[in-house]
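Reading through the structure tokens given below for one structure.
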Amino acid sequence: GAGVSQSPSNKVTEKGKDVELRCDPISGHTALYWYRQRLGQGLEFLIYFQGNSAPDKSGLPSDRFSAERTGESVSTLTIQRTQQEDSAVYLCASSLGRFQETQYFGPGTRLLVL
Amino acid sequence: SQQGEEDPQALSIQEGENATMNCSYKTSINNLQWYRQNSGRGLVHLILIRSNEREKHSGRLRVTLDTSKKSSSLLITASRAADTASYFCATVFNTDKLIFGTGTRLQVFP
Numbered sequence: 116g117a118g119v120s121q122s123p124s125n126k127v128t129e130k131g132k133d134v135e136l137r138c139d140p141i142s143g144h145t146a147l148y149w150y151r152q153r154l155g156q157g158l159e160f161l162i163y164f165q166g167n168s169a170p171d172k173s174g175l176p177s178d179r180f181s182a183e184r185t186g187e188s189v190s191t192l193t194i195q196r197t198q199q200e201d202s203a204v205y206l207c208a209s210s211l212g213r214f215q216e217t218q219y220f221g222p223g224t225r226l227l228v229l
Numbered sequence: 004s005q006q007g008e009e010d011p012q013a014l015s016i017q018e019g020e021n022a023t024m025n026c027s028y029k030t031s032i033n034n035l036q037w038y039r040q041n042s043g044r045g046l047v048h049l050i051l052i053r054s055n056e057r058e059k060h061s062g063r064l065r066v067t068l069d070t071s072k073k074s075s076s077l078l079i080t081a082s083r084a085a086d087t088a089s090y091f092c093a094t095v096f097n098t099d100k101l102i103f104g105t106g107t108r109l110q111v112f113p
């Protein structure tokens, strides 16, 4: 079956512009995660959605970052007024839920802010 | 903040040799997972070991867990050039959040 997909694959934007990144999780996966990975670094947790529960936003670095998820499907991560330090790969993952801890990752969106 | 730290940060070996990577973490865990990442893009889940397990095998992979030392190791036997990648450990405790380590970059030369 289809895995996690993300779009766009690459995004180049100018400082100050807003960007939207999209994630399509595996069908039936109730949990969805966003991570950020700067060049040569590990993954930083950003936000976590689990079913209809309130999302865990504890990893969002600033109020310029927000994310939404429609039910148990698509999620969008929005970065407003982008800064050069936002340049990174943004990875999305999904899992079956609370007791299924294996996460399945998408290919990521590489964001470059000029 | 990152929970785990991998050691070494980088490792270069010849094909056929074994590669050992270590991961240390800070708090109690429910389970520990190892992931592989090629070319800085999506991660692939390799193996999950629960806190009550001490060793797990999957093909050429062997993972150990020592909860008293808060450490885990990943052994890749008979390495191949295709094993060249970054390897991350990640821990879960009481939530579904995976907290990732800093990664080990493995280079296997043919």
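Each protein sequence line maps, in turn, to chains A and B. Numbering-wise (my numbering), the first sequence opens with residue 116 and increments by one. Numbering-wise (my numbering), the second sequence opens with residue 4 and increments by one. Even for Gly, the Cβ is constructed at its ideal location relative to N, Cα and C.
Query, Result
"Close-in-space but distant-in-sequence residues of the same chain around residue 113/B (CB under 7 Å, 5 per side omitted)", "18 and 84"
"Assigned exposure category for residue 68/B - 16 Cβ within 10 Å defines buried", "buried"
"Amino acids of chain B, ordered along the chain, whose beta-carbon sits closer than 8 Å to that of residue 216/A", "33, 34, 36, 51, 95, 99 and 101"
"Contact the region 54-71 of chain B vs the region 135-153 of chain A: 3+ CB pairs below 8 Å", "no"
"Interface flag, residue 176/A vs chain B, CB-CB below 7 Å", "no"
"Reduced DSSP secondary structure (H/G/I, E/B, other) of residue 81/B", "coil"
"Cβ contact (3+ pairs, closer than 8 Å) linking the region 101-112 of chain B and the region 171-190 of chain A", "no"
"Chain-ordered chain B contacts of residue 147/A [CB-CB under 9 Å]", "Simply none; closest approach about 10 Å."
"The region 203-211 of chain A / the region 13-32 of chain B touching (three or more Cβ pairs under 8 Å)", "no"
"Validate contact between the region 87-102 of chain B and the region 159-170 of chain A using beta carbons, cut 8 Å, 3 pairs", "yes"
"Short CB-CB distance (under 7 Å) between residue 136/A and chain B", "no"
"is_contact[residue 131/A, chain B] using C-beta, thresh 7 Å", "no"
"Own chain residues within Cβ distance below 8 Å of residue 97/B, not counting five before or after", "33"
"Cβ distance (whole Å) where residue 58/B is taken to contact residue 27/B below 8 Å", "Not a contact, Cβ separation roughly 17 Å."
"Buried/exposed call for residue 4/B, threshold 16 Cβ in 10 Å", "Residue confidence is low: residue 4/B scores 47 on pLDDT, short of 50, so the model does not pin down where it sits. No coordinate-derived value is stated."
"Contiguous alpha helix (DSSP H) assignments of at least 4 residues, all confined to the region 6-42 of chain B", "none"
"Closest residue to residue 119/A among 172/A, 226/A and 220/A (Cα-Cα distance)", "220/A"
"CB contact check: residue 77/B to chain A, cutoff 7 Å", "no"
"Sequence-distant residues of its chain with Cβ nearer than 6 Å to residue 188/A (five each side left out)", "none"
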